[in-house]
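Undergrad:
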Amino acid sequence: MDQIKHFDKLEKPKEPEFDKDSFIDNMDKYRLENAGSRNFGIFKYQNQIIKIAKKEKSFKKETAQELREVIKSLGLAERVVIPTDIIDLEYNGIPSSLVVMPIAFGIQADKLPGDFIDNIPPKHFDQFEKDIRLLSDSGVAIDLTKRSNFFYSTTKGFVFIDIDVYTKKPTNKFIEKDGKQFYYEFERFPYFPKEYTSAKDLFLNISK
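So for the sequence shown, our numbering puts the first residue at 19; every next one is plus one.
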């Protein structure tokens, strides 16, 4: 817990201008992980996070710019990480997108120990739920299938990362049925909704 608090107090590093050629020439030494079926890799470079994604699975540059303005207007700029640049790239002969993102505050949520989660203030879970609902109403789909899609900061609460679905209309994440409320873990795949019980359970039900 002390390490998490200390991390929160660090000044956020200034984001340098992204040097595409330098990154591509040395990308292997910056790789953090391979990053699943939609991406070719996640990298850390010059105090920024870089994702190489399949082009059809990534935002267009103009969409990311529009979404940044939406997030800012919602007052969520400190808790939602949106790409600062998207650059066309051919990776291993495949049309791809090089997605440049700022580093998120806090610690990745899948790394949080159970006793720490037990002591997270209720207001942070309530804010987490409120943000999810607000984003859904604004056309932003939130992936609740894995905790690594979020960071947690003792000062800011839950921070949303790796957002790549913006529909510009409500995503209908939460639905009513038989007098109960349910939600889809990820609106991209609206199947088998889970019953909503509480703000805290929204997080606890996310797989590690």
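Beta carbons are placed, not taken as given, at the ideal position from N, Cα and C, and that holds for glycine.
#1: Count the other CB atoms, across all protein chains shown, that sit within 10 Å of the CB of Asp46; report buried if there are 16 or more and exposed otherwise.
#2: Look at the alpha carbon of Asp39 and the alpha carbon of Ile135, and state the distance between them as a whole number of angstroms.
#3: Return the CA-CA distance between Leu94 and Asp149, expressed in angstroms with no decimal places.
#4: Starting from the C-beta of Asp43, find all residues in its chain whose C-beta is less than 8 Å away, skip the five residues before and the five after it, and write them out in chain order.
#5: For Lys212 and Arg86, what's the separation of their Cα atoms in angstroms?
#6: Take Ile89 and list the residues in its own chain whose beta-carbon comes closer than 7 Å to its own, dropping the five residues that flank it on each side.
#7: Answer yes or no: do Phe204 and Ile193 have a C-beta to C-beta separation smaller than 8 Å?
#8: At the level of alpha carbons, what is the spacing between Pro139 and Leu152?
#9: Is the separation between the beta-carbon of Val158 and that of Phe169 shorter than 8 Å?
#10: By how many angstroms is the C-alpha of Gly197 removed from the C-alpha of Ile70?
#11: So the candidates are Phe41, Lys75, Phe146, Gln66; which of them puts its Cα closest to the Cα of Val183?
#12: Who are the Cβ neighbours of Pro188 in its own chain at under 8 Å, not counting the five residues just before and after it?
#13: Run the CB neighbour count on Phe123, radius 10 Å, all protein chains shown included, and call it buried at 16 or more, exposed below.
#14: Please give the ranges of any beta strand (DSSP E) in the region 65-108, keeping only runs that are unbroken, at least 3 residues long and fully inside the region.
#15: Quick one: Cα of Phe58 to Cα of Phe77, how far?
#16: Could I get the ranges of all uninterrupted beta strand (DSSP E) runs contained in the region 122-190, with 3 residues as the minimum, in chain order?
#17: Taking all protein chains shown into account, do 16 or more other C-beta atoms lie within 10 angstroms of the C-beta of Arg165, making it buried, or fewer, making it exposed?
#18: Looking at the structure shown, is Ile42 part of a helix, part of a strand, or coil, going by DSSP?
TA: Reading it off the structure:
#1: exposed
#2: 41 Å
#3: 8 Å
#4: none
#5: 29 Å
#6: Ala95, Val98, Ile100
#7: no
#8: 20 Å
#9: no
#10: 43 Å
#11: Lys75
#12: Ser154, Asp155, Ser156, Gly157
#13: buried
#14: 66-72
#15: 15 Å
#16: 168-171, 175-178
#17: buried
#18: helix
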